[in-house]
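Peer 1: Order-wise, the sequence lines are chains A and B. One point on numbering: in this note's numbering, the residue at position 81 of the first sequence is 74, and numbering is uninterrupted. Every position in the second sequence, counted from 1, becomes a number in this note's numbering once 453 is added. The structure follows.
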Amino acid sequence: KNQVEQSPQSLIILEGKNCTLQCNYTVSPFSNLRWYKQDTGRGPVSLTIMTFSENTKSNGRYTATLDADTKQSSLHITASQLSDSASYICVVSGSTNAGKSTFGDGTTLTVKP
Amino acid sequence: SAVISQKPSRDICQRGTSLTIQCQVDSQVTMMFWYRQQPGQSLTLIATANQGSEATYESGFVIDKFPISRPNLTFSTLTVSNMSPEDSSIYLCSVDGFRRADTQYFGPGTRLTVL
Chain A
-6 KNQVEQSPQS
4 LIILEGKNCT
14 LQCNYTVSPF
24 SNLRWYKQDT
34 GRGPVSLTIM
44 TFSENTKSNG
54 RYTATLDADT
64 KQSSLHITAS
74 QLSDSASYIC
84 VVSGSTNAGK
94 STFGDGTTLT
104 VKP
Chain B
454 SAVISQKPSR
464 DICQRGTSLT
474 IQCQVDSQVT
484 MMFWYRQQPG
494 QSLTLIATAN
504 QGSEATYESG
514 FVIDKFPISR
524 PNLTFSTLTV
534 SNMSPEDSSI
544 YLCSVDGFRR
554 ADTQYFGPGT
564 RLTVL
């Protein structure tokens, strides 16, 4: 069964600090891995998308890494801001049909002043 | 990217009634997806809706409970029928990417509470 596991489930950090979120998956075959940010009461917004050949992708203060051999990904947030408080969801797709994806349960990040 | 709107943004409904959620996209898209996000959980795909054909439902979801319409390439509706408190969730519409078919864009969601 295809699975995506994220850790930690929740995280509290102080404003300005860095943090790293983890995503392990068993989806096979593998097409792409996406990280989304979901603010409370809003739909998910794409942060990064990586295919098999990409091992790092940055989007501002967000940097995602992918190790396709070990089936692991991480999302690193640099110099956190209060607005980074949200749920971060790892999504893995086994095909080019984006809708046929496996969603992780997300990591809830709280950034405190 | 696509701009996706949903109506209503939230609703409180009585048990046994039905609610139709609308999803409008600002560009023509081939595939539209409907998801459910129960409290504290991640997204679960309900069905895929292609224009001109019947929606394809995932395991655990049936057309009688979640009828879907897709009258054109920019619009879809999802109806939650004969609601019970277990249907209380956020319902999200999604479309695949334009330049990249392997990504997705999501609507803001409809927060449904069933009493």
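Even for Gly, the Cβ is constructed at its ideal location relative to N, Cα and C. Keep in mind the model is a prediction, meaning the values are calculated, not measured.
#1: How would you write the range of the beta strand (DSSP E) that B:Met485 sits in, first residue to last?
#2: Do A:Leu68 and A:Cys83 have their beta-carbon atoms positioned less than 9 Å apart in this structure?
#3: For the stretch 28 to 40 of chain A, which residues have a CB atom closer than 9 Å to at least one CB atom of chain B, in sequence order?
#4: Based on the DSSP secondary-structure assignment, which residues constitute the bridge partners of B:Ile499?
#5: Using a Cβ-Cβ cut-off of less than 7 Å, list which residues of the stretch 480 to 495 of chain B approach chain A; keep chain order.
#6: Would a check of beta-carbon distances place A:Phe96 closer than 9 Å to chain B?
#7: Any beta carbon of chain B sitting closer than 9 Å to that of A:Lys93?
#8: Check the Cβ-Cβ distances between A:Asn48 and every residue of chain B, and say whether any is below 9 Å.
#9: Quick check: what's the CA-CA separation for B:Ser534 versus A:Ser0?
#10: Could you compute how far the alpha carbon of B:Met536 sits from the alpha carbon of A:Leu4?
#11: Rounded to the nearest angstrom, what separates A:Tyr29 and B:Thr470 at their Cα positions?
#12: Does any C-beta atom of chain A lie closer than 9 Å to the C-beta of B:Cys498?
#13: So, is the C-beta of B:Leu472 closer than 9 Å to a C-beta in chain A?
#14: Quick one: what's got a C-beta closer than 6 Å to A:Thr56's C-beta in the same chain, skipping five residues either side?
#15: Just checking my contact of B:Cys466 with B:Phe528 at CB under 8 Å: how many whole Å lie between their CB atoms?
#16: Looking at B:Ser542: is its Cβ nearer than 9 Å to the Cβ of B:Phe559?
Peer 2: The structure says:
#1: 484 to 490
#2: yes
#3: Tyr29, Gln31, Gly34, Arg35, Gly36, Pro37, Val38, Ser39
#4: Paired residue(s): none; B:Ile499 is not in a bridge.
#5: Met484, Phe486, Gln494, Ser495
#6: yes
#7: yes
#8: no
#9: 36 Å
#10: 35 Å
#11: 33 Å
#12: Per the sequence shown, residue 498 of chain B should be read as Leu rather than Cys. For B:Leu498, the answer is yes, since a Cβ of chain A falls inside 9 Å of its Cβ.
#13: no
#14: His69
#15: In fact, because the Cβ distance is near 22 Å, the residues do not count as touching under 8 Å.
#16: no
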